[in-house]
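One structure is given below, encoded as C-alpha cells.
Residue numbers (the numbering used here): 2 to 425.
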C-alpha cells in the first residue's frame, strides 16, 4: 500500500509581472492508498445532517484551504488571492489565512524565501505553528478514513448515548459518531489542538493530553469563563479510575473553545485540554450529554471494518453473558475464571473478592442477574482494556437490588477477564 506523503517544498512560480518568485507551499499529496476493498468516496459525502438539519462538519474550511494551495502550486496567484479573501471573509480570525494572504501580497514585490517570509526568530516560531496547522488540516482533508470503517474503540454505545467522540492527537482531529441502533455512524470531524508537549499525560503540569476513555462531566457556560476558553468548556473525568489506579494525576482536562480574537490554535498549544474553534465547539455542544457522552482520546486511531468490529463486539458480549450466567448459576469455579490474576476492587484482591462471593452465594437458594444498557469502550493506549458499564438488576432468595456497575476487562492468556469492578 502506498504511503500518503506531505511536505513543504519551494515551488517556483511566475508572478503576473513575469518575475520569478519562490512561494513556499504544501506539496500535493503523492499517492492515496487505494486498496480495492475500500470505497473511494470520502466520509464527507456520507455525513448525516445534524439535529437542526445542517451539516455538523467544518470541512468547508479545509476544502477552501486545499483549493488555495492548489492554485498557488499551479501558478494561479491572482485566483489564489481571491479564494484567500473569500476564506477570510468567512473566517476573519483565521491566522493561517492571513499568513497566506501576506505571502501572496509579498510575492508581487520580491522573491520569497519560505512559507511566511518573516524576519525575526519570534515571528518564525509563530509561522512554524501555522505551518503545522496547515499540514494537519490538509492531511486530514486529503486522507479521510474509509467510509465503512469505524474506530475500534467504539465497541458498543448503550441506547441513551446518542453520540460518541474519538480524538486522534497525531492527526489533530476529533471524529463525531452517532449511535445508529447500536452501530457507530460517522457524522463530522473537526480540527483540534492538544497539549504543548503532545499526548499521554502522566503528571500534573506535564502539558500533555491524556490518552484513554473519558466522558463529559459538566458544562461550563461562557459567562463564567475567561476569554481563553472561548464559547464554553466541558470538563472530562481525567483522571478516571484506571488512571488513578496506575498513578496518573493532574486535573482540569476540558474540551473548550478559543479566545474571541482567534479562530483556531496550533496543533500543540494547550496545557493538556482538547481545543476546538468556537463554532465547532458550539456545533458539538448540541450533541453533548453530561455524564453520558464518551470522549475517547487516542494517539492514532485504529480503524476496523464493520465485520471485524461486529466480531470483536459479539465476542466480548458473549464472555460478559457467560460471567452473568456463572453468577446466576452459583457456579463458583466458572465465576472465578472470569477474574484476572491482578484483579483489584476497592482494595480487595482477587482471592478476597472471590471468597466473599462464595460465602454470599452459599446462603442463597436461587439468584437472577439482569445486565442491561451495556456500553463497551476499548482503551486506545498501550494498556489494552475495555471499559464495560451496565445496569445490573440482582434478585435472589433473600436479597434484591439494582445498581450501575463498571468493569475493566483485559486479555489474560488469550481470554477476556475482569481486572477491576466497581459500582458507579
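Cβ coordinates follow ideal geometry from the N, Cα and C atoms, glycine included. The structure displayed is predicted, hence computed values, not measured ones.
| query | result |
| --- | --- |
| Residue 406, enclosing alpha helix (DSSP H) - first and last residue | That residue, residue 406, is in no alpha helix (DSSP H); its beta strand (DSSP E) goes 401-413. |
| Given 8 Å, three or more beta-carbon pairs between the region 237-248 and the region 96-109 | no |
| Residue from 395, 116, 213, 266 whose Cα sits closest to the Cα of residue 409 | 213 |
| As assigned by DSSP and simplified to three states, the class of residue 184 | strand |
| Residue nearest to residue 319 in terms of C-alpha spacing, selected from 372, 247, 337, 349 | 372 |
| Start-to-end residues for the beta strand (DSSP E) that takes in residue 422 | 416-424 |
| Minimum C-alpha distance to residue 310 - residue among 264, 234, 339, 379 | 379 |
| Local conformation of residue 87 per DSSP, three classes | helix |
| Separation of residue 260 from residue 331, as counted between CA atoms | 58 Å |
| Spatially closest choice to residue 389 from 407, 280, 381, 383, by CA coordinates | 407 |
| Where residue 257 sits in the DSSP three-state scheme | strand |
| Distance, residue 314 Cα to residue 69 Cα | 43 Å |
| Option nearest residue 221 by Cα separation, candidates 290, 184, 158, 264 | 290 |
| Any non-hydrogen atom of the ligand GTP closer than 7 Å to residue 342 Cβ | Among the components of this structure there are no ligands whatsoever, and the ligand GTP is therefore not found. |
| C-alpha gap between residue 368 and residue 323, whole angstroms | 15 Å |
| Cβ neighbours of residue 50 in the same chain (closer than 6 Å, five flanking residues each side left out) | Reliability fails at residue 50, whose pLDDT of 37 lies under 50, so the model's placement of it is uncertain and no value is given. |
| Enclosing beta strand (DSSP E) for residue 1 [first to last residue] | Nothing about residue 1 can be reported from this structure: the residues present for the chain run from 2 to 425 only. |
| C-beta atoms of residue 154 and residue 299 nearer than 8 Å | yes |
| DSSP-derived helix/strand/coil call for residue 377 | strand |
| Coarse secondary structure for residue 42, derived from DSSP in three states | Per-residue confidence for residue 42 stands at a pLDDT of 30, beneath the threshold of 50, marking its modelled position as unreliable; the derived number appears in the next sentence. Three-state result, residue 42: coil. |
| For residue 195 and residue 426, believed in contact at Cβ under 8 Å, the rounded distance | The chain is shown only over 2 to 425; residue 426 falls outside these bounds and no answer can be derived. |
| Straight-line gap, residue 44 to residue 283 (C-alpha atoms, nearest Å) | Only weak support exists for where residue 44 lies, its pLDDT of 40 falling under 50; the value from the coordinates is given anyway. Answer to the nearest angstrom: the Cα atoms are 21 Å apart. |
| Coil, strand or helix - residue 297 by DSSP | strand |
| Cut-off 6 Å between Cβ atoms - residues of its own chain near residue 55, not counting five sequence neighbours on either side | Bear in mind that a pLDDT of 37 at residue 55, under 50, signals an unreliable position, so the model cannot answer this. |
| Rounded C-alpha distance that separates residue 125 from residue 198 | 19 Å |
| Distance between residue 81 and residue 73 (C-alpha atoms, nearest Å) | 6 Å |
| Proximity of residue 355 and residue 275 at Cβ, strictly below 8 Å | no |
| Nearest to residue 246 (by Cα), restricted to the options 345, 157, 340 | 345 |
| Inter-stretch contact (C-beta, 8 Å, three-pair minimum) for the region 155-168 and the region 176-195 | yes |
| Residue 139 beta carbon less than 8 Å from that of residue 205 | no |
| DSSP three-state assignment for residue 26, whether helix, strand or coil | Any reading at residue 26 must be qualified, since the residue scores a pLDDT of 39, below 50, and its modelled position is unreliable; the value itself is stated next. Residue 26: strand per DSSP, three-state reduction. |
| Exposure of residue 266, with buried meaning 16 or more beta-carbon neighbours within 10 Å | buried |
| Separation of residue 271 from residue 258, as counted between CA atoms | 11 Å |
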